[in-house]
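Asker:
Residue numbers (our numbering): 33 to 156.
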């Protein structure tokens, strides 16, 4: 599980280092998630991509069990990552940075979506 996978480079490394290992690549920032998917298409074979599951979501706590929680994040294109900013007025560059609303889900719910065939019968 690669949480906060950004451009997917760690997921690509795992796919090459451990063939046929299931990789769940979780990225909350949609611009980075799109770039990640392009990286997967350009750098992994069709066979390798069958084992890599890119999920657009933020990982929340068990209190996000309803899978309906949201969080604001700032995406900085120059960093190609997202971050929670504790002082947006000082850190936010209105000319280039984007404020994103991220859907938070429990890790269990994300894994159930990415790998339903790997879960035991009866797993909620």
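The C-beta atom is built at its ideal place from N, Cα and C for all residues, glycine as well.
(1) Rounded to a whole number of angstroms, what is the C-alpha to C-alpha distance between residue 138 and residue 128?
(2) Here's a check: name, in chain order, each residue in its chain whose Cβ is nearer than 7 Å to the Cβ of residue 88, leaving out the five neighbours to either side.
(3) Any idea what DSSP makes of residue 86, helix, strand or coil?
(4) Going straight from the alpha carbon of residue 38 to that of residue 147, what length do you get?
(5) Answer with buried or exposed for residue 51, where buried requires no fewer than 16 other C-beta atoms within 10 angstroms of its C-beta.
(6) Do you know how far the Cα of residue 54 is from the Cα of residue 140?
(7) On the CB-based measure, 16 or more other CB atoms within 10 Å of its CB, does residue 82 come out buried or exposed?
(8) At what residues does the alpha helix (DSSP H) containing residue 145 begin and finish?
(9) Please return the same chain residues whose Cβ sits closer than 6 Å to the Cβ of residue 34, not counting the five positions on each side in sequence.
(10) Output the distance between the C-alpha atoms of residue 46 and residue 131, rounded to the nearest integer angstrom.
(11) Cα separation between residue 104 and residue 93?
(12) What's the gap between the Cα of residue 67 and the Cα of residue 84?
Answerer: Reading from the atomic positions:
(1) Taking the chain shown and counting its residues from 1, one reaches residue 138 at position 106. Taking the chain shown and counting its residues from 1, one reaches residue 128 at position 96. Answer to the nearest angstrom: the Cα atoms are 31 Å apart.
(2) Translated into the one-based positions of the chain shown, residue 88 becomes position 56. Answer for residue 88: 59, 62 and 65, listed in chain order.
(3) In the chain shown, residue 86 corresponds to position 54, counting from 1. Residue state, collapsed to three classes: strand.
(4) Sequence index remark: in the chain shown, residue 38 carries index 6 (1-based). Sequence index remark: in the chain shown, residue 147 carries index 115 (1-based). Distance between the alpha carbons of residue 38 and residue 147 is about 20 Å.
(5) By 1-based counting over the chain shown, the position of residue 51 is 19. The residue in question, residue 51, is exposed, as its Cβ has fewer than 16 Cβ neighbours within 10 Å.
(6) Position 108 of the chain shown, counting from 1, holds the residue named residue 140. Position 22 of the chain shown, counting from 1, holds the residue named residue 54. Cα to Cα, the separation comes out at about 15 Å.
(7) The residue labelled residue 82 in the question sits at position 50 within the chain shown. So residue 82 ends up on the exposed side.
(8) Here residue 145 is taken as the residue at index 113 of the chain shown, counted from 1. It spans 139-146 - the alpha helix (DSSP H) in which residue 145 sits, taken as one unbroken run.
(9) Here residue 34 refers to the residue found at position 2 of the chain shown. Within the same chain, residue 34 has close Cβ partners 42, 43 and 57.
(10) Locating residue 46 in the chain shown gives position 14, where the first residue counts as 1. Locating residue 131 in the chain shown gives position 99, where the first residue counts as 1. For residue 46 and residue 131, the distance between alpha carbons rounds to 30 Å.
(11) For this step, residue 104 is matched to residue 72 along the chain shown. For this step, residue 93 is matched to residue 61 along the chain shown. Whole-angstrom Cα-Cα distance: 16 Å.
(12) By 1-based counting over the chain shown, the position of residue 67 is 35. By 1-based counting over the chain shown, the position of residue 84 is 52. Cα-Cα distance, rounded: 15 Å.
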